[in-house]
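First residue of the sequence shown: 21, per the working numbering; consecutive thereafter.
Virtual Cβ for every residue (Gly too), placed ideally from N, Cα, C.
Only a predicted model underlies this, so the values are computations on that prediction, with no experimental measurement involved.
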Amino acid sequence: MITVFGYIGSPSADLREAVTDAVLVVGGRRHLDALNVPEERRVVLGRIGPAIEALQALPDDAKAVVIASGDPLFFGVVRRIRAAGLKVRVVPAVTSLQLAFAAVALPWDDALLVSLHGNDPEPAIDLLRSHPKVGLLTDGKHGLPQIVAATAGLGRSYVLAERLGEDDERVRVLTEEQAREITETAQPNVVLVLAHHPDDPAALGEQTAIVGGFLAVGAQP
Ligand SMILES: C[S@@+](CC[C@H](N)C(=O)[O-])C[C@H]1O[C@@H](n2cnc3c(N)ncnc32)[C@H](O)[C@@H]1O
21 MITVFGYIGS
31 PSADLREAVT
41 DAVLVVGGRR
51 HLDALNVPEE
61 RRVVLGRIGP
71 AIEALQALPD
81 DAKAVVIASG
91 DPLFFGVVRR
101 IRAAGLKVRV
111 VPAVTSLQLA
121 FAAVALPWDD
131 ALLVSLHGND
141 PEPAIDLLRS
151 HPKVGLLTDG
161 KHGLPQIVAA
171 TAGLGRSYVL
181 AERLGEDDER
191 VRVLTEEQAR
201 EITETAQPNV
211 VLVLAHHPDD
221 PAALGEQTAI
231 VGGFLAVGAQ
241 P
């Protein structure tokens, strides 16, 4: 049985127990280190391909654990693992974007969610400029400086949420000018781009019955 656990902040008791019992534990180095997974039982992500091969090579009754950041079903590893024909049980955690919206007490059911993590940012740029509430997963190449450049002159507010759930977590609300001055960010991080400061009631937005419905009806920011 392969169990995919979401992980953000500290590991749950269930995850600790599952790791103790598992013959193989797949995850990012910081997660494997935090759980003291011995070298001989760990597969460090990077590329998912070698990890999938290692999981496929296990006997059917072997217990394996995959650790994914946040919700493993939200821009996570489960799609690739299942597409390779493997069966999994999923124990989710909240996504990093949920934590970022929670940090500024903003509903996110009307937000546009974008992953720049390893993706071409171009398709997101127009939407980023027109939508009043966007949450972005970032990576080392596409992060706050590129997001600020893409939204220059719009007077947006930016929430930079670094290392959520870690001891050195940092969440900053920034004006465009302040955001432009930040060139170094701690990884991992997410960014919210808001038409209104999070403390402004206008930032609460409208609740719609359909997530993404805002775009469908073509409303203006
Ligand atoms: C491959 S995506 C995975 C998203 C994840 N499944 C989730 O639900 O948050 C990786 C990106 O998620 C974001 N992320 C994951 N963990 C984070 C954390 N603890 N703090 C801030 N951002 C995080 C970063 O933008 C990172 O580059």
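Cβ separation of residue i and residue j, assumed to be a contact under 8 Å, to the nearest whole Å
i: GLY69; j: GLY26; result: Wrong, their Cβ atoms sit about 21 Å apart, outside the cutoff.
i: VAL83; j: ASP146; result: A small fix is needed here, since residue 83 is Lys in this sequence, not Val. Their Cβ separation, rounded to whole angstroms, is 46 Å, which puts LYS83 and ASP146 out of contact at 8 Å.
i: ARG176; j: LEU214; result: 6 Å
i: ASP219; j: VAL111; result: No, ASP219 and VAL111 are not in contact; Cβ-Cβ is about 35 Å, not under 8 Å.
i: ALA199; j: LEU119; result: Their Cβ separation, rounded to whole angstroms, is 19 Å, which puts ALA199 and LEU119 out of contact at 8 Å.
i: THR203; j: PRO165; result: 6 Å
i: LEU184; j: LEU157; result: Contact flag wrong, Cβ pair sits at about 12 Å.
Host beta strand (DSSP E) of residue i (start-end)
i: SER30; result: Neither: SER30 is in no beta strand (DSSP E) and is coded neither H nor E.
i: GLY185; result: That residue, GLY185, is in no beta strand (DSSP E); it is neither H nor E in DSSP.
i: LEU44; result: 44-48
i: LEU65; result: 62-65
Ligand 1 heavy atom lying under 7 Å from the CB of residue i
i: ILE68; result: no
i: ASP91; result: yes
i: ASN209; result: yes
i: PHE25; result: no
i: GLU201; result: no
i: PHE95; result: yes
i: LEU157; result: yes
i: ARG183; result: yes
i: ALA88; result: yes
i: THR171; result: no
i: SER32; result: no
i: LEU117; result: yes
i: ILE101; result: no
i: GLU204; result: no
i: ILE230; result: no
i: HIS162; result: no
i: ILE167; result: no
i: GLU137; result: First, the amino acid is wrong: residue 137 is His here, not Glu. Checking every heavy atom of ligand 1 against the Cβ of HIS137, one is found closer than 7 Å.
Identified DSSP bridge partners for residue i
i: ALA74; result: Bridge partners of ALA74: none, in fact.
i: ILE22; result: ALA84 and VAL108
i: VAL192; result: Residue identity check: residue 192 is Arg in the sequence provided, not Val. Bridge partners of ARG192: LEU180.
i: ASN209; result: GLU182
i: LYS153; result: LEU214
i: LEU133; result: GLY155
Start-to-end residues for the alpha helix (DSSP H) that takes in residue i
i: LEU119; result: 116-123
i: LEU164; result: 164-170
i: VAL98; result: 98-103
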